[in-house]
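Right, one structure below, let's go through it.
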Amino acid sequence: MKKKNINQLKTGVLLSYITMGLNMLIQLIYTPIMIRFLGQSEYGLYTLVGSFISYLSLFSLGFTGAYLRFYSRFKIENNVWEIYKLNGLFLLMFLLMSVTSIVTGMILSFFPREILGSNLTRLELEKAQLLMRILVINIALTFPSSLFEAIVSACEQFLFQRLINMLAVVFNPLICLPLLFFGKGSVAVVTVTTLITVAKLLINIFYVIEKLETRFFISKINWKLLNEIAGFSFFIFLNMIIDQVNWSVDKFILGRVSGTGSVAIYGVGAQINSLYTAFSTAISSVYSPRVNRIAVIEKKEAGRRFTELFIRVGKLQYLVLGLIVTGFMFFGEFFITAIYLTQEYYEAYYVALLLIFPATIPLIQNLGIEIQRSVNKHKFRSLVYFVMAIANIGISIPLAKLYGPVGCAIGTAITLLTANGIIMNIYYQKRLDINVMEFWKNIFSESKGLVLPILLGIWMVLKKPYNSLTEYFICIVIYIIVYSISMWFVGMNEQDKILILENRIVKSIKRNNKEDEKI
Numbered sequence: 265m266k267k268k269n270i271n272q273l274k275t276g277v278l279l280s281y282i283t284m285g286l287n288m289l290i291q292l293i294y295t296p297i298m299i300r301f302l303g304q305s306e307y308g309l310y311t312l313v314g315s316f317i318s319y320l321s322l323f324s325l326g327f328t329g330a331y332l333r334f335y336s337r338f339k340i341e342n343n344v345w346e347i348y349k350l351n352g353l354f355l356l357m358f359l360l361m362s363v364t365s366i367v368t369g370m371i372l373s374f375f376p377r378e379i380l381g382s383n384l385t386r387l388e389l390e391k392a393q394l395l396m397r398i399l400v401i402n403i404a405l406t407f408p409s410s411l412f413e414a415i416v417s418a419c420e421q422f423l424f425q426r427l428i429n430m431l432a433v434v435f436n437p438l439i440c441l442p443l444l445f446f447g448k449g450s451v452a453v454v455t456v457t458t459l460i461t462v463a464k465l466l467i468n469i470f471y472v473i474e475k476l477e478t479r480f481f482i483s484k485i486n487w488k489l490l491n492e493i494a495g496f497s498f499f500i501f502l503n504m505i506i507d508q509v510n511w512s513v514d515k516f517i518l519g520r521v522s523g524t525g526s527v528a529i530y531g532v533g534a535q536i537n538s539l540y541t542a543f544s545t546a547i548s549s550v551y552s553p554r555v556n557r558i559a560v561i562e563k564k565e566a567g568r569r570f571t572e573l574f575i576r577v578g579k580l581q582y583l584v585l586g587l588i589v590t591g592f593m594f595f596g597e598f599f600i601t602a603i604y605l606t607q608e609y610y611e612a613y614y615v616a617l618l619l620i621f622p623a624t625i626p627l628i629q630n631l632g633i634e635i636q637r638s639v640n641k642h643k644f645r646s647l648v649y650f651v652m653a654i655a656n657i658g659i660s661i662p663l664a665k666l667y668g669p670v671g672c673a674i675g676t677a678i679t680l681l682t683a684n685g686i687i688m689n690i691y692y693q694k695r696l697d698i699n700v701m702e703f704w705k706n707i708f709s710e711s712k713g714l715v716l717p718i719l720l721g722i723w724m725v726l727k728k729p730y731n732s733l734t735e736y737f738i739c740i741v742i743y744i745i746v747y748s749i750s751m752w753f754v755g756m757n758e759q760d761k762i763l764i765l766e767n768r769i770v771k772s773i774k775r776n777n778k779e780d781e782k783i
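Heads up, my numbering is the position in the sequence shown plus 264, with the first residue counted as 1.
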């Protein structure tokens, strides 16, 4: 790998974390302000409509995840002409998806009561219809935009990609807040989101064509290649359906069972989970090209190479996520009920906990998703998650009636632990030749560093309430310091310290790619 690409990867990881940090900070400031301007009912409606419209993203049929695999094949063969034809084929497909989503979404927007339930008032239904139509346009634009973003990622231009994402994160609330202040409501929020999507699409088109000098050649459709892409993408598509069900259906169930108030409470907990999830992808997302190269070039050594990456990336993610999940456990309730929102949203704390704890397992192992796709063995995960989605619905409906938002979160937590904590780990070991036992051995060894900060956190919880915000934030700073010291001296081994101090992660990738060139 060239020095320029190494710098792209290093900067990409750094900017990913900066963007994630900014996004978390902005959302933690912006969301409570937005809720206060909109009110619980309209915020619940905004969340409910957004969850439903997100199902239209399924029209991508999993093709976005397939692009990198087929690009990598032609790139290794140095077949530029086939890459241009691949680009043209994917462009046609994504434009077709865009048109299909608009037509479908606009038709569905005429039936808000049938879709969202009878608990909504007439005014809520009218506003929901308008929100749906704007968000349909936004979803339609994301299809071609996702292709151009995939091309940028395939070319490993992480610096540009992360900068654009960072600007989108910053400008969205900066534009929305004045509009909310002047009473424009949720309609203005989704309109701004759509305009930012348009801007990102135009910028990505310009960068891909003018800077990367990538071309799109639309010729006679290669049905053999299309059939291969479709076969590969089907199980990615199935997995997308499952993800939509697991992370969106709870809001839909609550909307029909309890109304927009419960949806708003669940939405706050789910948003915290989304921010938590984003941190896990900051490192793993830049490894996708590398994983695909291993799958194509180093088939005989793939198991060993995948295991090394799986453990290395997982341990780094665990360092970050361990701080967040334990810190939220001790400080989250006060934050949500006294700082972020009000006591009215106390259930959101338990919703968030029930989501982020079981989600930690797949999050520290999310490089496994890229590994499965790179060797075309993602079918099993999709089938497992399909069963998990059905079970989630079956469990969550009665629990939602009994316990509201917390009940739905319990249903999701049970299925997440079963699928990810047990079944997928067995699959990684048996079928992908990843040494999962060694992975967990490393994770458990690192967990020794959690003992001291957890004891400190328990003591801080027992001495509540906090007398002031200053005391609260001082406690958080003390916890972070103790966590960092404990993980450094107790949790991490010498190799982990070297990886961080000498940036050996990037060096190891550079060394591996030099070996690729020899092959």
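Glycine residues also receive a C-beta, built at the ideal position from the N, C-alpha and C atoms.
- Residue environment: residue 374 is assigned as exposed (fewer than 16 neighbouring CB atoms within 10 Å of its CB, all protein chains considered).
- The Cβ atoms of residue 525 and residue 308 lie closer than 9 Å to each other.
- The closest CA to that of residue 724, considering only 641, 593, 648, 386, is found on 593.
- Remark: C-beta atoms of residue 333 and residue 638 approach each other more closely than 9 Å.
- The three-state secondary structure of residue 729, taken from DSSP, is coil.
- Counting only the Cα atoms, residue 338 lies some 7 Å from residue 346.
- One Cα belongs to residue 462, the other to residue 405, and the distance between them is close to 7 Å.
- Check the Cα spacing between residue 372 and each of 677, 357, 383, 389: the tightest is with 389.
- Proximity of the stretch 513 to 520 to the stretch 375 to 383 meets the contact definition, three or more beta-carbon pairs being nearer than 8 Å.
- Put simply, of 343, 432, 691 the residue whose alpha carbon is nearest the alpha carbon of residue 464 is 432.
- Residue 752: not part of any alpha helix (DSSP H); DSSP gives it neither H nor E.
- About 7 Å separates the CB atoms of residue 591 and residue 740; that is less than 8 Å, so the two are in contact.
- Remark: C-beta atoms of residue 680 and residue 625 approach each other more closely than 9 Å.
- DSSP, reduced to helix, strand and coil, places residue 527 within a helical segment of the structure shown.
- Using a Cβ distance threshold of 9 Å, residue 649 and residue 537 do not count as a contacting pair.
- In this structure, DSSP gives residue 522 a state outside helix and strand, which the three-state scheme calls coil.
- Taking 4 residues as the minimum length, the alpha helix (DSSP H) runs contained wholly in the stretch 562 to 626 are 566 to 598, in order along the chain.
- Take residue 450, set aside five residues on each side of it, and the residues of its chain with a beta-carbon closer than 8 Å to its own are 302, 306, 307, 309, 310, 391, 395, in chain order.
- Closest in C-alpha terms to residue 603, from the list 288, 283, 293, comes 293.
- Sequence-distant Cβ neighbours of residue 722 in its own chain, meaning closer than 8 Å and more than five residues away, are 594.
- Around residue 663, the same chain offers 671, 672, 674, 675 as residues with beta carbons nearer than 7 Å, after the five sequence neighbours per side are excluded.
- When the beta-carbon positions are compared, residue 609 and residue 532 come within less than 9 Å of each other.
- Ranked by Cα distance from residue 453, the first of 727, 473, 398 is 398.
- DSSP, reduced to helix, strand and coil, places residue 419 outside both helices and strands of the structure shown, so it counts as coil.
- The alpha-carbon of residue 341 is positioned some 35 Å away from that of residue 702.
- By the criterion of a C-beta distance shorter than 6 Å, residue 684 is surrounded in its chain by 625, 626, once the five residues flanking it on both sides are discounted.
- Per DSSP, reduced to three states, the secondary structure at residue 697 is coil, with no helix or strand assignment.
- Separation of residue 437 and residue 456 (C-alpha to C-alpha, rounded to the nearest whole angstrom) is 9 Å.
- Buried is the label assigned to residue 605, since at least 16 other Cβ atoms lie within 10 Å of its Cβ.
- Contact between residue 351 and residue 415 is confirmed by a C-beta separation of about 7 Å, below the 8 Å threshold.
- Burial is judged here by how many other beta carbons sit within 10 angstroms of a residue's own beta carbon; residue 656 has at least 16 and is buried.
- In this chain, the alpha helix (DSSP H) harbouring residue 351 covers 344 to 372.
- If you draw a straight line from the Cα of residue 322 to the Cα of residue 362, it is about 11 Å long.
- Short of 7 Å from the beta carbon of residue 521, and not among the five residues preceding or following it, lie these beta carbons of its own chain, in chain order: 664, 665.
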